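Report on the following structure.
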Amino acid sequence: MSPNAKGALLALTAFGVFATHDVVVKILGGIYSPIQIVFFSVLLSFPLACVMMMRDAKPGTLVPVHPWWLALRTGAAVITGLSAFYAFSVLPLAQVYAILFASPLLITVLAIPVLGEKVRLRRWLAVLVGLIGVLVVLRPGQTELSAGHLAALAAAICGSIASIVVRKIGSEERPVVMLLYPMVANFVLMAFALPFVYQPMPIEHLGLLAIIAIFAWTASRLVIAAYQVGEAAIIAPMQYSQIIWATGFGLLFFDETIDQATAMGAGIIIASGLYIVLRESRSGASENTPVLRTRSRSETGTTPRVSLFMRFAGKTPPRQD
Numbered sequence: 000m001s002p003n004a005k006g007a008l009l010a011l012t013a014f015g016v017f018a019t020h021d022v023v024v025k026i027l028g029g030i031y032s033p034i035q036i037v038f039f040s041v042l043l044s045f046p047l048a049c050v051m052m053m054r055d056a057k058p059g060t061l062v063p064v065h066p067w068w069l070a071l072r073t074g075a076a077v078i079t080g081l082s083a084f085y086a087f088s089v090l091p092l093a094q095v096y097a098i099l100f101a102s103p104l105l106i107t108v109l110a111i112p113v114l115g116e117k118v119r120l121r122r123w124l125a126v127l128v129g130l131i132g133v134l135v136v137l138r139p140g141q142t143e144l145s146a147g148h149l150a151a152l153a154a155a156i157c158g159s160i161a162s163i164v165v166r167k168i169g170s171e172e173r174p175v176v177m178l179l180y181p182m183v184a185n186f187v188l189m190a191f192a193l194p195f196v197y198q199p200m201p202i203e204h205l206g207l208l209a210i211i212a213i214f215a216w217t218a219s220r221l222v223i224a225a226y227q228v229g230e231a232a233i234i235a236p237m238q239y240s241q242i243i244w245a246t247g248f249g250l251l252f253f254d255e256t257i258d259q260a261t262a263m264g265a266g267i268i269i270a271s272g273l274y275i276v277l278r279e280s281r282s283g284a285s286e287n288t289p290v291l292r293t294r295s296r297s298e299t300g301t302t303p304r305v306s307l308f309m310r311f312a313g314k315t316p317p318r319q320d
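Start counting the sequence shown at 0; every next residue gets the next number (numbering that gives the first Met the number 0).
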């Protein structure tokens, strides 16, 4: 098996695990508030985070070099996690993914003011086409936009902001700082809100929360392994396989069927995202390759980004993210 084929297989497995993670989120979301789910997901992720931090031998403090940028990223990550967990709870899985797949398009746009990236006409057209795909999924005027749709949009937008900020400051901030602040912020904010929504949880539901944490970390490790053996231009598009997993899981567990508008809109969004990835993979096409440097899913503040795993392991240069 060639390295790229092996990398693609690892990535497909990783995003299958991520999709299974989202199935568990949806199951628990039908019973508990997303605040409670996020709180316990972060709480159960802290032991794994501590193991990661023990590998950081770089001297220094936990004071950020860029506090305002880090504050923006932390806030965006908290909103992303809460919004995504809520959207998965109330919308069909495939529909949530279709909206979240707009993130690479938004990252491409945000790279202009934040990174000084020059986006030429073809990529602008790809972004425009992708955003039209989002409108096809949402069907404004034909169907009523629910809180779930707005939450999915908020997750896509804030996830893109968190990702682009990492591209901006990631080479100067310690990985441990980038890891801790979103997790601690999520823990503290959700703890304050928890008394208003808390419901007692049986042991089996606590076990499902542990599965959420374990699956997120396992999938992240698989993505790292994929990038270690395969080319980024091959691995990055594998994230779109989640729509296939979502369609199957939605039908199997929740009796969900993907409607024509969602399928058509998802196809448009994926096609535009793939075009941007392929354009960025060409030598000299993009100075910063903001989409290819998005190693995995949007930052949620419940588990660390894949790029932080890679930096802790010393498997990637600091600027690569």
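Just so you know, even glycine gets a beta-carbon here, dropped at the ideal spot from N, CA and C.
Since the model is a prediction, treat every value here as computed from it, not as a measurement.
About 3 Å separates the beta carbon of G158 from that of S297, a gap short enough to meet the 8 Å contact definition. Judged by beta-carbon spacing, F87 lies beyond the 8 Å limit of M237, meaning their Cβ atoms are not closer than that value. For the set S162, L99, E171 and I26, the Cα lying nearest the Cα of L152 is the one of L99. Under the three-state reduction of DSSP output, P112 falls in the helix class.
Only residues of its own chain outside the window of five on either side were considered, and among them T256 have a CB closer than 8 Å to the CB of L250, listed in chain order. By the criterion of at least three beta-carbon pairs nearer than 8 Å, the segment 29 to 40 is in contact with the segment 194 to 213. Unbroken alpha helix (DSSP H) runs of no fewer than 4 residues, entirely contained in the segment 18 to 65, are found at 33 to 52, following chain order.
Around the beta carbon of I106, 16 or more other beta carbons sit within 10 angstroms, so the residue counts as buried. Distance from the CA atom of R119 to the CA atom of A270, rounded to whole angstroms, is 18 Å.
In this chain, the alpha helix (DSSP H) harbouring Q94 covers L92 to L99. Taking a contact as a CB-CB distance under 8 Å, the pair A212 and S44 counts as one, their CB atoms being some 5 Å apart. Per DSSP, K167 is one residue of the alpha helix (DSSP H) stretching across A146 to I168.
Beyond the five residues adjoining it in sequence on each side, P91 comes within less than 6 Å, by CB distance, of G249 and E255 in the same chain, given in chain order. Contact annotation: the segment 186 to 197 touches the segment 27 to 37, with at least three C-beta pairs closer than 8 Å. Counting other Cβ atoms within 10 Å of its Cβ, L178 reaches 16 or more and is therefore classed as buried.
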